[in-house]
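Participant: Supplied in structure tokens, the structure appears directly below.
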Amino acid sequence: MNLSGTLHSSIGGLVHLTYLDLSYNDLSGRIPREIRNCLKLQVLDLNNNQFEGEIPVELGDMSSLVQLLAFSNNLTGPLPRSLGNLKRLRVFRVGDNLISGSIPVEIIKGCESLEILDLVKNQLSGDIPKELGMLGKMKELLLYTNGLSGVVPKELGNYTNLEILALYQNNLVGGIPVQYSETRYFWINCFFTRMH
């Protein structure tokens, strides 16, 4: 597809929609708040468009979401804490945007089913929350090219299913947790991270 223009608020009328893939188009403007009415939606894929503005807090009402994908857009502002309401969310990709602020602990504590967290190439700052180590199903933790600082939490060593950990191009210090004895396939990349 080669769709352009904005995503109209009438999208909220598709109350029985379970899968929406609008990726790789030229859609722009804000993500309409009315999309919250699509309560049966399990996959929302907005990857590779020109969406701008903040991620609507109303997305936290979409309790059926399993995948929330908005990689490579022009999204700004902080990550809304309301996303912590998405108990079923397994894949959250919002890398390659202009998202700022810290990583909200509320999202980590609420999204207990997360397997893939992709926040790369944004403007995130602050520490990596130790609570990330509580997400026992995590397979890919991708945080590279941000402004994250502080030490790498030892709690990240709790993962037993982790396959990819990418932290490079941040301002992190310290060492990398080594307790990955039960991980069969593990790729780690901390290049260009200031590890002392």
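So that you can map any letter, position 186 of the sequence shown is 186 in UniProt numbering, and since no number is skipped, the others follow by simple counting. Here a beta-carbon is modelled for each residue, glycine too, at the ideal position from N, C-alpha and C.
My guess is that ASP96 and SER72 are in contact by the Cβ rule of under 8 angstroms, so how many angstroms apart are they, rounded?
Facilitator: The Cβ separation is near 4 angstroms, so the contact holds.
Participant: Going by the beta-carbon positions, is the gap between ARG36 and ASP61 smaller than 7 angstroms?
Facilitator: The answer is yes: Cβ separation under 7 angstroms.
Participant: What residue from LEU117, THR145, SER102 has the CA that sits closest to GLY126's CA?
Facilitator: Per the Cα distances, SER102.
Participant: Per DSSP, what kind of secondary structure is SER9 in: helix, strand or coil?
Facilitator: In the structure shown, SER9 sits in a helix (DSSP, three-state: H, G or I).
Participant: Considering only C-alpha positions, which residue in the set GLY77, LEU86, ALA166, VAL43 is nearest to residue 212?
Facilitator: Because the chain is modelled from 1 through 196, residue 212 falls outside the range shown and cannot be assessed.
Participant: With DSSP as the reference, identify every bridge partner of GLN123, one or two as the case may be.
Facilitator: Answer is SER100, bridged to GLN123.
Participant: If you follow the beta strand (DSSP E) that GLU106 is part of, which residue opens it and which one closes it?
Facilitator: Looking at the DSSP string, GLU106 is not in any beta strand (DSSP E); the run it does join, the alpha helix (DSSP H), is 105-110.
Participant: Suppose you measure from the CA of GLU140 to the CA of VAL120; what does that come to, to the nearest Å?
Facilitator: GLU140 and VAL120: Cα-Cα distance of roughly 12 angstroms.
Participant: Helix, strand or coil for ARG90 per DSSP?
Facilitator: Reduced to three states, the DSSP call for ARG90 is coil.
Participant: Quick check on DSSP: helix, strand or coil for SER181?
Facilitator: Legend: pLDDT at SER181 = 43, less than 50; position of this residue unreliable, value from coordinates given subsequently. If DSSP states are grouped into helix, strand and coil, SER181 belongs with coil.
Participant: Starting from SER28, trace the beta strand (DSSP E) in both directions and tell me its first and last residue.
Facilitator: SER28 -> beta strand (DSSP E) spans 26-30.
Participant: Thinking C-alpha only, which one of GLU112, MET134, GLY12 is nearest ASN158?
Facilitator: With distances taken between Cα atoms, ASN158 lies closest to MET134.
Participant: Locate the beta strand (DSSP E) running through GLY77, then write down its first and last residues.
Facilitator: 74-77 is the span of the beta strand (DSSP E), which, as asked, contains GLY77.
Participant: Rounded to whole angstroms, what's the CA-CA distance from GLY53 to ARG30? Just pull it up for me.
Facilitator: GLY53 and ARG30: Cα-Cα distance of roughly 6 angstroms.
Participant: Can you give the beta carbon distance from VAL151 to LEU124, rounded, assuming they're within the 8 angstroms contact cut?
Facilitator: Not a contact, Cβ separation roughly 16 angstroms.
Participant: Return helix, strand or coil for GLY174, following the three-state DSSP convention.
Facilitator: The answer is coil: DSSP assigns GLY174 none of H, G, I, E or B.
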